[in-house]
Amino acid sequence: MAHSLSAKKRVRQNEKSRLRNRRRGSALKSTIKGFLGMVQHGKVEEAEKELSKVCQAIDKIAAKGTLHKNTASRYKSRLALRLNAAKKPPKQPDKLLMSLNSKPPTHAQRCGFHGFIISFISCSVGVVNGSKRLIRKPLAAARGADGNVTGNHSLPLVALTELHGLREQECDQ
-8 MAHSLSAKKR VRQNEKSRLR NRRRGSALKS TIKGFLGMVQ HGKVEEAEKE
42 LSKVCQAIDK IAAKGTLHKN TASRYKSRLA LRLNAAKKPP KQPDKLLMSL
92 NSKPPTHAQR CGFHGFIISF ISCSVGVVNG SKRLIRKPLA AARGADGNVT
142 GNHSLPLVAL TELHGLREQE CDQ
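Residues -8 to 164 in this note's numbering are what the sequence shown lists, from first letter to last.
Given below as structure tokens:
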């Protein structure tokens, strides 16, 4: 609680400026939402006209001190990026980048297991002397590359270690 007269006056001033800033911020958010709605619905020509109005509003609020000038600049930049992205047709992903982003083959795939595991039937990971170890050899129903369920297969221990995050030397029994 403020005791001096100047502190009490400062509390009143802070309350007024807080309400003023909230009002300005709310109005700005409304104009930005209107612009983003136009962009989302594909009204690019209308959105271009609206962008200049939104940028003016952002600059005005930044000049009055409600927004920092760098924040205002970031808002304007991101809105322009949204508009430019709406103007361009959707880009097809580059095959080279897709191949670079794909995961390398697992040890099981390199060793000839070219399917994916549906479920583990008998598998347990236990803690022996403070480290994780495989207790039993796992059995799994597997779906081969042709799409057929090929029954129960004994997977190599390395395949299970990759799934459970264990190291190979911990699995030697």
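Heads up, the beta-carbon is just placed ideally off N, CA and C, and yes, glycines get one too.
Sixteen is the threshold: when 16 or more other Cβ atoms of the shown chains lie within 10 Å of the Cβ of Met29, as they do, the residue is buried.
Note on geometry: alpha-carbon atoms of Leu(-4) and Arg9 lie some 20 Å from one another. Contact annotation: Glu41 and Gly25 have beta-carbon atoms nearer than 9 Å.
If you draw a straight line from the Cα of Leu58 to the Cα of Leu19, it comes to about 10 Å.
The C-alpha of Ala76 lies about 12 Å from the C-alpha of Leu27. DSSP places Gly28 inside the alpha helix (DSSP H), whose first and last residues are -4 to 31. Ranking Gly33, Ile23, Lys7 by CA distance to the CA of Ser68 puts Ile23 first.
Just so you know, the alpha carbons of Lys(-1) and Glu6 end up roughly 11 Å apart. DSSP places Ala38 in the uninterrupted alpha helix (DSSP H) bounded by 35 to 55. Pairing Leu72 with Ala38 gives a Cβ-Cβ distance that is not under 9 Å. For Leu70, the uninterrupted alpha helix (DSSP H) run begins and ends at 60 to 78, by DSSP.
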